[in-house]
Amino acid sequence: MSIKVMKFGGSSFRDAEAYRAVSRHIVDRLANDARQVVVVVSAMHGQTDVLKSLALSVNEICSTVALDTVLTAGEMISAGLLEAALQRHSVPTSSLFGYSIGIKTSLVLGRTVIEEVDNKPLLKALDYGRVVILAGAQGLDEGGRVSMLGRNSSDLTAVIAADMVGSGVCEVYSDVCGIYSADPRIVRQARLLPTVSYANASRIARCGAKVLHHGAIDYAAGRRIAISCKSLLPNEMAGTLVTDAGGGVCVVINPSATRVAFQSVFEKRNAEDVLRRLGIMWIDLEQDESPEGYLTHDAEAALTALHREGIHPVRSAQKIVVLALTGSKPKTYELRDLEAASYCAQRVHAELRTSGVEAPH
Numbered sequence: 208m209s210i211k212v213m214k215f216g217g218s219s220f221r222d223a224e225a226y227r228a229v230s231r232h233i234v235d236r237l238a239n240d241a242r243q244v245v246v247v248v249s250a251m252h253g254q255t256d257v258l259k260s261l262a263l264s265v266n267e268i269c270s271t272v273a274l275d276t277v278l279t280a281g282e283m284i285s286a287g288l289l290e291a292a293l294q295r296h297s298v299p300t301s302s303l304f305g306y307s308i309g310i311k312t313s314l315v316l317g318r319t320v321i322e323e324v325d326n327k328p329l330l331k332a333l334d335y336g337r338v339v340i341l342a343g344a345q346g347l348d349e350g351g352r353v354s355m356l357g358r359n360s361s362d363l364t365a366v367i368a369a370d371m372v373g374s375g376v377c378e379v380y381s382d383v384c385g386i387y388s389a390d391p392r393i394v395r396q397a398r399l400l401p402t403v404s405y406a407n408a409s410r411i412a413r414c415g416a417k418v419l420h421h422g423a424i425d426y427a428a429g430r431r432i433a434i435s436c437k438s439l440l441p442n443e444m445a446g447t448l449v450t451d452a453g454g455g456v457c458v459v460i461n462p463s464a465t466r467v468a469f470q471s472v473f474e475k476r477n478a479e480d481v482l483r484r485l486g487i488m489w490i491d492l493e494q495d496e497s498p499e500g501y502l503t504h505d506a507e508a509a510l511t512a513l514h515r516e517g518i519h520p521v522r523s524a525q526k527i528v529v530l531a532l533t534g535s536k537p538k539t540y541e542l543r544d545l546e547a548a549s550y551c552a553q554r555v556h557a558e559l560r561t562s563g564v565e566a567p568h
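The numbering of the sequence shown is the numbering used here, which starts it at 208 and goes up by one.
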């Protein structure tokens with residue numbers, strides 16, 4: 208039996224019973240197919256937003272360092288609650304947080320980047336227990352303070368943990384069992400994709416689909432770690448395996464894309480260079496020579512970085528867009544409201560199915 212690496216997101220931790228349910232799952236795995244388990248946890252459902260609102264109510268221009276200190280408390284609390292749940296089963300358990308996980312970070316253009324990963328703290332913790340819980344999305348900055356790897360980046364912590372222990376697979380649990388061809392809550396004909404390539408999964412995530420953290424996918428691709436997307440309910444359904452191969456076109460509804468306009472196409476190209484260094488995707492309008500386009504993820508960090516570099520958009524506004532990922536360049540549809548976006552997504556998905564484009568390749 209090997210070391211299993213599992214990540215549970217906030218949707219898995221809605222109340223006390225949810226922590227007990229996850230602990231029972233871990234105990235079951237220890238009895239069946241795992242010698243030891245490394246568990247990465249996110250903050251309890253909704254807790255990160257509560258903590259952020261609290262920090263901004265104290266100071267609406269709260270610094271990144273201070274905000275990180277507040278936000279990381281959510282994952283620490285979650286780790287403690289799961290450890291308490293595992294104690295009910297007498298399982299030797301320990302927890303590691305940002306200052307002891309072994310992930311060192313720095314700020315580049317105002318954005319947290321990973322500088323160094325040291326697996327010794329995790330391996331040492333595994334010498335003393337069968338389960339080690341890691342507070343997700345955390346590292347240690349150059350000043351010795353706990354830093355956030357990014358919003359919803361517990362997936363990244365889990366992939367790093369898998370690499371630390373030499374596991375070829377990282378299991379990610381959420382309230383959906385995998386990646387679909389569209390949001391199944393909106394598009395009834397959406398189907399589960401059994402396999403998706405790293406490249407496709409990264410693009411889907413960057414377009415705004417709430418599937419996996421794009422940084423986790425990129426890290427996994429660089430180290431050939433497969434990501435197994437699962438759900439505990441019902442009956443631990445296995446969903447999508449993100450690996451080298453796999454296809455399937457997706458239709459994504461992004462309700463919070465940011466449309467950005469620059470003074471010229473030249474300035475837009477300079478902005479794209481900055482965004483590329485940050486790993487942030489830019490989507491042009493259909494007209495290649497337009498000075499406008501969309502940011503579909505990390506817009507706040509992107510705009511802050513552009514201002515630092517002396518690039519100032521003439522305007523930016525939040526928009527609802529539907530993206531059809533059918534080729535090298537997503538096709539975008541800008542809609543007035545969510546109802547129109549839902550209708551558009553269903554229509555585009557149906558057209559792709561009819562044309563046969565939506566089938567895996």
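Cβ coordinates follow ideal geometry from the N, Cα and C atoms, glycine included. Remember, predicted model here, so these are calculated numbers, not experimental data.
Helix, strand or coil for residue i? Go by DSSP, reduced to three states.
| i | result |
| --- | --- |
| His568 | Since pLDDT at His568 reaches only 38, below the 50 mark, its modelled position is unreliable, and the value read off the structure follows with that caveat. Here His568 sits in coil by DSSP. |
| Gln294 | helix |
| Arg614 | Within the shown structure, residues of the chain are numbered from 208 to 568, placing residue 614 beyond reach of any answer. |
| Asp491 | strand |
| Ala397 | coil |
| Val528 | strand |
| Lys417 | coil |
| Tyr387 | strand |
| Ala344 | coil |
| Gly217 | helix |
| Glu499 | strand |
| Ser285 | helix |
Going by the beta-carbon positions, is the gap between residue i and residue j smaller than 8 Å?
| i | j | result |
| --- | --- | --- |
| Leu316 | Leu510 | no |
| Val456 | Leu341 | no |
| Ala368 | Leu333 | no |
| Ile432 | Val339 | no |
| Val372 | Ile210 | yes |
| Thr465 | Thr402 | no |
| Glu349 | Ser313 | yes |
| Val353 | Asp275 | yes |
| Gly500 | Leu513 | no |
| Leu303 | Val229 | no |
| Leu545 | Pro537 | no |
| Gly446 | Gly385 | yes |
| Lys327 | Gly309 | yes |
| Ile487 | Asp505 | yes |
To the nearest angstrom, how far is it from the Cα of residue i to the Cα of residue j?
| i | j | result |
| --- | --- | --- |
| Ala566 | Phe215 | Reliability of the predicted coordinates at Ala566 is poor, the pLDDT of 43 falling under 50, and no value is obtained from them. |
| Glu472 | Cys551 | The residue you asked about is not Glu; residue 472 is Val in the sequence shown. Rounded to whole angstroms, Val472 to Cys551 spans 29 Å at the Cα level. |
| Gly429 | Tyr405 | 9 Å |
| Thr279 | Arg560 | 43 Å |
| Arg231 | Ile268 | 42 Å |
| Arg543 | Gly422 | 30 Å |
| Asn359 | Gln294 | 27 Å |
| Gly453 | Arg398 | 14 Å |
| Ser438 | Met213 | 11 Å |
| Glu474 | Val467 | 12 Å |
| Arg515 | Phe220 | 38 Å |
| Val379 | Met355 | 19 Å |
| Thr271 | Met283 | 18 Å |
| Leu237 | Ala292 | 15 Å |
| Glu224 | Val383 | 19 Å |
| Arg476 | Leu502 | 14 Å |
Going by C-alpha distance, which of the options is nearest residue i?
| i | options | result |
| --- | --- | --- |
| His519 | Glu479, Gln553, Gly415 and Lys437 | Glu479 |
| Ser301 | Val244, Tyr380 and Lys311 | Val244 |
| Cys436 | Leu419, Tyr426, Asp425 and Ala427 | Leu419 |
| Thr319 | Leu289, Gly534, Gly357 and Gly446 | Gly357 |
| Gly281 | Leu261, His296 and Pro299 | Leu261 |
| Arg554 | Leu502, Gln396, Tyr426 and Thr503 | Gln396 |
| Tyr426 | Asp370, Asp256 and Arg227 | Asp370 |
| Ala416 | Tyr387, Leu440 and Leu400 | Tyr387 |
| Ala286 | Tyr540, Tyr226 and Val257 | Tyr226 |
Exercise. How do the region 250 to 259 and the region 458 to 474 stand: do at least 3 beta-carbon pairs fall below 8 Å, yes or no?
Worked result: No: the two stretches stay apart, fewer than three of their Cβ pairs being nearer than 8 Å.
Exercise. Between the region 331 to 350 and the region 383 to 396, do three or more beta carbon pairs fall short of 8 Å?
Worked result: A contact is defined here as three or more CB-CB pairs under 8 Å, and the region 331 to 350 fails this definition with respect to the region 383 to 396.
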